[in-house]
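Line order of the protein sequences matches chains A and B.
Heads up: the first sequence is residues 24 to 349, going by our numbering.
Heads up: the second sequence is residues 24 to 349, going by our numbering.
We put the CB at the ideal spot given by N, CA and C, even for glycine.
Okay, structure first, notes after.
2 protein chains.
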Amino acid sequence: MDQPTPGFQLRFPTGMAPVACVDIGGTKVALTIADASGIRGKWSEPTVKVGASDALAQQVIRMIEQGCAQCDMTKEVLGTVGVVSCGPFVLQGGMVELAAPNICGGIAGKARGLPNDWTTALLEVPLRRAFANVRIENDGVGALEAERRWGALQGLDHCAYVTWSTGIGVGVCVDGRALRGKNGNAGHWGHSFVSDDRDALCGCGNTGDVEALIAGNAMARRFASLGFSDAAQLFAAARQGRADALEIVDGLCYVMGRLLFNLMATLDVQRISIGGSVFWHQQDLLLPRLRAQIGSKLPALTSGVEIVPAGLGESVGDYAALALVL
Amino acid sequence: MDQPTPGFQLRFPTGMAPVACVDIGGTKVALTIADASGIRGKWSEPTVKVGASDALAQQVIRMIEQGCAQCDMTKEVLGTVGVVSCGPFVLQGGMVELAAPNICGGIAGKARGLPNDWTTALLEVPLRRAFANVRIENDGVGALEAERRWGALQGLDHCAYVTWSTGIGVGVCVDGRALRGKNGNAGHWGHSFVSDDRDALCGCGNTGDVEALIAGNAMARRFASLGFSDAAQLFAAARQGRADALEIVDGLCYVMGRLLFNLMATLDVQRISIGGSVFWHQQDLLLPRLRAQIGSKLPALTSGVEIVPAGLGESVGDYAALALVL
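The following block contains the structure:
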């Protein structure tokens, strides 16, 4: 495991039992251990995708046990293990398993090059065998809760957090409560349809959903033939004023703008905060274009609704699992 | 006012105070008065759209007073006045006003031919002056609650009701609670964007939203030039197997199918029930096509999610305001 990195500044309740906070993504698994004295350590590893279908869960358990050892504690003293993960989730006997296209080779097919044939990755059953208290949420819900607690959505009963990153994820709060849904999958707006493109293939198997059109992992696939081998190259060209790159950026913002409008029209939110690696590094380019996409569309539903950068900046993911257990 | 029509069969709590239930639509205002003995009377009138901006509210008040008189009661004995209304709502000092494109000439512009220049129609302030207890909800929320209570969504914590009628309205329940939003406008999925059409103009001022593409009031506008002067003519031709009509019907179901998929993907519901005049009379034609649009798209989010006809059939609207007050 990597060495722990310095913790960010949060206040922790006096006498709080130690907590382990895990963020499972398609690329890496991140762990934070904290107690009343603050962040005790942070570690991350590449997401395990080989072996039996519980290999990822065993990785999480091992990381927590090793992290506890490095903090001179046993896993038995942990108050709660909070886990945020990419989805979708499926429930087997009420227990969460991951049906995540970026992790499970059995869903995505060999075309995605994943080194396993898992249809799901086990998660909740092995974790509950290993730890006394476990809470698992969609990473969109965790990030939303973090933004509501410490970020740009504090004090709001009706709001959404959108991550524009390798994938597209959303967490929504309506009437003061984060939406979960029957399997904890509310918020998969990245897989919603807002336009008609029938060519862009998503990892989920659909064509033309938002993630297929504008996620970080879609850009090389869509724009390499236009001379942009990745998002960085595309945005660099746009910054130099190249018309072809700017047209693509406008097209990306058209799609994300429709997603944001749909959030406003269907969930009547007060504010939407946006984070994620694609957005964060290009926000000066993207934010004005996204706001212009809403413009004066249907004022009764959009008037006064704010679109703002994530208050937690690039660290939303770090805070997401902490928000579940604090 | 019309004569009262026979009530439908519901059980009312013993000792229940009388209630007045109002359904405000763009075409008509419907009133039901009920007490412990059952439905006492039902009346409806065309929606008043002339006069001062409180003319519609005054119509509602007058209808209730006249209805009470016909039931040999005074308005003072009413326990609650429940109102469901088309939206969107805007709040002025915390009180609901209607910014409904089919009622307010000041929003929709002269092109819509409305005989007033209201930007909003007053509602909650005059009603609260006239009655002790008033509850107002988006008609999508009311219909959802009726379907959850007496219809096809009973016993479900995660579900949606979709009306496919003159307009498109939706009510959604997630985690056991009907979603309302900051101004009670959650559910305006009719104004969401699911495809790229840039020609179809909606009453809300947008182009290409779901309502502009497939609502009952859009069909003549969109398909007259193809030889179908209204929905009835279009569906009749489709039933005769005419290829051009069937192609249009497939196109309508493509749009509604995307809306249904988006509901599943973003809100993780268990079941969606559909009503409304367009759907109800053509459900044998529409339902298989809508289900086919979902097909095997993203099974982790859609598997097992049912699309069913409204349990309350054509009477969902009648029950909607009752569901608020019973």
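For leucine 347 of chain A, the secondary structure class from DSSP, reduced to helix, strand or coil, is helix. In summary, asparagine 156 of chain B is exposed, with fewer than 16 beta-carbon neighbours lying within 10 Å of its beta-carbon over all protein chains present. For a Cβ distance threshold of 8 Å, nothing in chain B lies close to proline 311 of chain A: the least Cβ distance comes to about 20 Å. Note: tyrosine 342 of chain B is not bridge-paired with any residue in the DSSP secondary-structure output. By the criterion of a C-beta distance shorter than 6 Å, methionine 287 of chain B is surrounded in its chain by Leu324, Thr325 and Val328, once the five residues flanking it on both sides are discounted. Annotated three-state conformation of glycine 213 of chain B is helix, per DSSP. For alanine 260 of chain B, the CB contacts under 7 Å within the same chain, skipping 5 residues up- and downstream, are Phe251 and Ala268 in chain order. Rounded to whole angstroms, proline 111 of chain B and alanine 333 of chain B show a C-alpha spacing of 23 Å. Note on geometry: alpha-carbon atoms of aspartate 140 of chain A and glycine 174 of chain B lie some 42 Å from one another. Close to leucine 321 of chain A, with beta-carbon spacing below 7 Å, are these residues of chain B in chain order: His214, Cys227, Gly228 and Asn229. The C-beta of alanine 122 of chain B comes closer than 8 Å to at least one C-beta of chain A. Assignment of alanine 235 of chain B by DSSP, reduced to helix, strand and coil, places it in the helix class.
Per DSSP, reduced to three states, the secondary structure at serine 248 of chain A is helical. Counted as a single uninterrupted DSSP element, the stretch harbouring tryptophan 303 of chain A is not any beta strand (DSSP E) but the alpha helix (DSSP H) occupying residues 300 to 304. For phenylalanine 258 of chain B, the enclosing alpha helix (DSSP H) stretches over residues 254 to 262.
Taking 8 Å as the cut-off, the beta carbon of glycine 213 of chain B is found no closer than this to the beta carbon of glycine 194 of chain B. Beta-carbon to beta-carbon, serine 215 of chain A and asparagine 285 of chain B are separated by about 4 Å, close enough to satisfy the 8 Å threshold.
Runs of the beta strand (DSSP E) spanning 3 or more residues and lying entirely within the region 117 to 155 of chain B occur at 118 to 121, in chain order.
In the displayed model, phenylalanine 35 of chain B falls within coil according to three-state DSSP, outside both helix and strand. The three-state reading of DSSP puts alanine 59 of chain A in coil, since its state is none of H, G, I, E or B. In the three-state DSSP reduction, alanine 43 of chain A falls in the strand class (E or B). The beta carbon of glutamine 293 of chain A sits closer than 8 Å to some beta carbon of chain B.
Shortest Cα-Cα distance from leucine 282 of chain B to any of B/Gly204, B/Trp187 and B/Arg244 involves B/Trp187. Shown in chain order are the members of the region 174 to 192 of chain A whose Cβ falls below 8 Å from a Cβ of chain B: Asp180 and His181. Just measuring C-alpha positions, the residue of A/His181, A/Asn206, A/Ile47 and A/Gly264 sitting nearest arginine 200 of chain A is A/His181. Classified as exposed, glutamine 115 of chain B has fewer than 16 neighbouring CB atoms from the shown chains inside 10 Å of its CB. Proline 124 of chain B places its beta carbon less than 8 Å from that of cysteine 227 of chain B.
One finds Ala288, Thr289 and Leu324 in chain A with Cβ atoms closer than 7 Å to the Cβ of histidine 211 of chain B, taken in chain order. Neighbourhood of glycine 204 of chain A in chain B, by CB distance below 8 Å: His181, Val197, Asp198, Leu290, Asp291 and Val292, in chain order. Straight-line spacing of the CA atoms in glycine 129 of chain A and glycine 192 of chain A works out to 22 Å.
Scanning chain A for C-beta atoms nearer than 7 Å to the C-beta of asparagine 208 of chain B yields Asp291 and Leu324, reported in chain order. In terms of CA proximity to arginine 34 of chain A, A/Ala59 leads the group A/Arg158, A/Ala153 and A/Ala59. As DSSP reads the structure, glutamate 68 of chain B sits in a beta bridge with B/Val52. What proline 111 of chain B touches in chain A, judged by beta-carbon distance under 8 Å, is Leu321, Ala323 and Leu324, going in chain order. Nothing from the region 249 to 279 of chain A brings a Cβ to less than 8 Å from some Cβ of chain B.
For asparagine 206 of chain B, no alpha helix (DSSP H) run applies, since DSSP gives it neither H nor E.
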